[in-house]
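Counting along the sequence shown from 1, when you hit position 82 you're at 82 in UniProt numbering, and nothing is skipped either side.
Where is the CB? At the ideal position from N, CA and C, for every residue including glycine.
Since this is a predicted model, take the numbers as computed values, not measurements.
Below you'll find the structure, written out as structure tokens, and then a few comments.
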Amino acid sequence: MSLQDPKLFGKVAVLFGGSSAEREVSLMSGTGVLEALRSRGVDAHAFDPAERELVELKREGFARCFVALHGRHGEDGTVQGALELLGIPYTGSGVMASSVAMDKVMTKRIWQADGLPTPKYVRLAFDQQSREQVMVVPDVLGLPLIVKPPREGSSIGVTKVEGYSQMQDAVALSAKYDADVLCEEFIEGEEVTCAVLGQGLDARALPVVRIAAPEGAYDYQNKYFTDDVKYQCPSGLPAAEEHEIQRITLAAYHTLGCRGWGRADVMIRASDRKPFLLEMNTSPGMTSHSLVPMSARAAGIPYEELCLRVLASASLDAKGGAQ
Numbered sequence: 001m002s003l004q005d006p007k008l009f010g011k012v013a014v015l016f017g018g019s020s021a022e023r024e025v026s027l028m029s030g031t032g033v034l035e036a037l038r039s040r041g042v043d044a045h046a047f048d049p050a051e052r053e054l055v056e057l058k059r060e061g062f063a064r065c066f067v068a069l070h071g072r073h074g075e076d077g078t079v080q081g082a083l084e085l086l087g088i089p090y091t092g093s094g095v096m097a098s099s100v101a102m103d104k105v106m107t108k109r110i111w112q113a114d115g116l117p118t119p120k121y122v123r124l125a126f127d128q129q130s131r132e133q134v135m136v137v138p139d140v141l142g143l144p145l146i147v148k149p150p151r152e153g154s155s156i157g158v159t160k161v162e163g164y165s166q167m168q169d170a171v172a173l174s175a176k177y178d179a180d181v182l183c184e185e186f187i188e189g190e191e192v193t194c195a196v197l198g199q200g201l202d203a204r205a206l207p208v209v210r211i212a213a214p215e216g217a218y219d220y221q222n223k224y225f226t227d228d229v230k231y232q233c234p235s236g237l238p239a240a241e242e243h244e245i246q247r248i249t250l251a252a253y254h255t256l257g258c259r260g261w262g263r264a265d266v267m268i269r270a271s272d273r274k275p276f277l278l279e280m281n282t283s284p285g286m287t288s289h290s291l292v293p294m295s296a297r298a299a300g301i302p303y304e305e306l307c308l309r310v311l312a313s314a315s316l317d318a319k320g321g322a323q
């Protein structure tokens, strides 16, 4: 991925904020990206789709967009589709990969079809959430288990269920954020994350980050607003484990059709050290606590250069490559 003269990028919009439940995180990500790009001489401007119509991007002559939006109407293919119609190259995955990766159930179906390891699950559609249907889920997945909305991120609406009596409340919480509810086998072990930069054969997995959260509570608050979570990068994992996580992450990225950059969340089962893919983030966080910048630093890529590399990869589905 060649880094261009910043002037060649033209007028750049950093899209951040938006209307999803992750707006606050997106504001932090976008502010960091904006400052980094400007520090390297890029003509970058803030653009909040919650406050302005996307068609203004065309009217104001923006040449490309850095998508620092998270969640719905940000990384779910909708903004990507609008930018395709406007003909403005953008960072990250295209319409289909963004849409599929945003839906954890669809993602798991595709990974399973390709033989990639992901925890067992039960999907409770909006009309499958009666008490009787909810209470049999632990019989299928065992306890503890995880209940979460399939189309939200940042651990929003997630519950670790320890007993049958918690199921109803967990499903009700998740259903506040999404009509469908995803119930997932709980993998006892270590949580890690692995980022990918690039497209096609040029895509590379970055160093793995190991996450140690207080009492295993890697939730919204601990992800973004405390310093209680400890991160290890280099991970300290045996080389064979690190390479296997990078291998399945790259495979997961390719099979979803991702491009530009992404980050997979992975659990390593303590009993046999087998890794399981949880989800793929196609517009990863870029805050001071975020994991892709941490991983990039370990690979010798400073934050500002990471932002430039991602920006340089901006493309359109119609073009099939970086512009």
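Reduced DSSP category for residue i - H, G, I as helix; E, B as strand; rest coil
i	result
residue 336	The displayed coordinates of the chain run from 1 to 323. Any statement about residue 336 would go beyond what the structure contains.
residue 13	strand
residue 69	coil
residue 2	Its pLDDT being 49, under 50, residue 2 is placed unreliably by the model, and the measurement read from it follows with that caveat. Correct three-state label for residue 2: coil.
residue 146	strand
residue 136	coil
residue 54	coil
residue 222	At residue 222 the pLDDT is 49, less than 50, meaning the model places this residue with poor confidence and gives no usable figure here.
residue 202	helix
residue 116	coil
residue 38	helix
Beta-carbon gap between residue i and residue j smaller than 9 angstroms
i	j	result
residue 65	residue 314	yes
residue 239	residue 114	no
residue 292	residue 277	no
residue 116	residue 255	yes
residue 171	residue 129	yes
residue 290	residue 29	yes
residue 91	residue 100	no
residue 324	residue 188	The question about residue 324 has no answer here: the residues shown for the chain are numbered 1 through 323.
residue 300	residue 280	no
residue 47	residue 56	yes
residue 84	residue 316	yes
residue 186	residue 124	no
residue 21	residue 259	no
residue 184	residue 120	yes
residue 52	residue 304	no
Where residue i falls, given that 16 or more other Cβ within 10 Å makes a residue buried
i	result
residue 76	buried
residue 9	buried
residue 325	Because the chain in this structure spans residues 1 to 323, residue 325 falls outside the shown range and cannot be described.
residue 149	buried
residue 243	exposed
residue 195	buried
residue 224	Residue confidence is low: residue 224 scores 47 on pLDDT, short of 50, so the model does not pin down where it sits. Its coordinate-derived value is still stated next. Flag for residue 224 reads buried.
residue 104	buried
residue 309	buried
residue 127	exposed
residue 72	buried
residue 132	exposed
residue 200	exposed
residue 165	exposed
residue 140	exposed
Identity of the residues DSSP links to residue i by a beta bridge
i	result
residue 212	230
residue 91	In DSSP, residue 91 forms no bridge with anything.
residue 25	BP columns for residue 25 are empty, so no partner.
residue 160	146
residue 189	269
residue 184	121 and 146
residue 46	14
residue 59	DSSP, once it has assigned bridges, lists no residue as partnering residue 59.
residue 64	12
heavy atom of the ligand MN below 8 angstroms from residue i C-beta
i	result
residue 133	The ligand MN is absent from the structure shown, which contains no ligands of any kind.
Please go through the stretch 225-309 and give each complete beta strand (DSSP E) segment of 3 or more residues, from N-terminal end onward.
-> 230-232, 261-269 and 275-281
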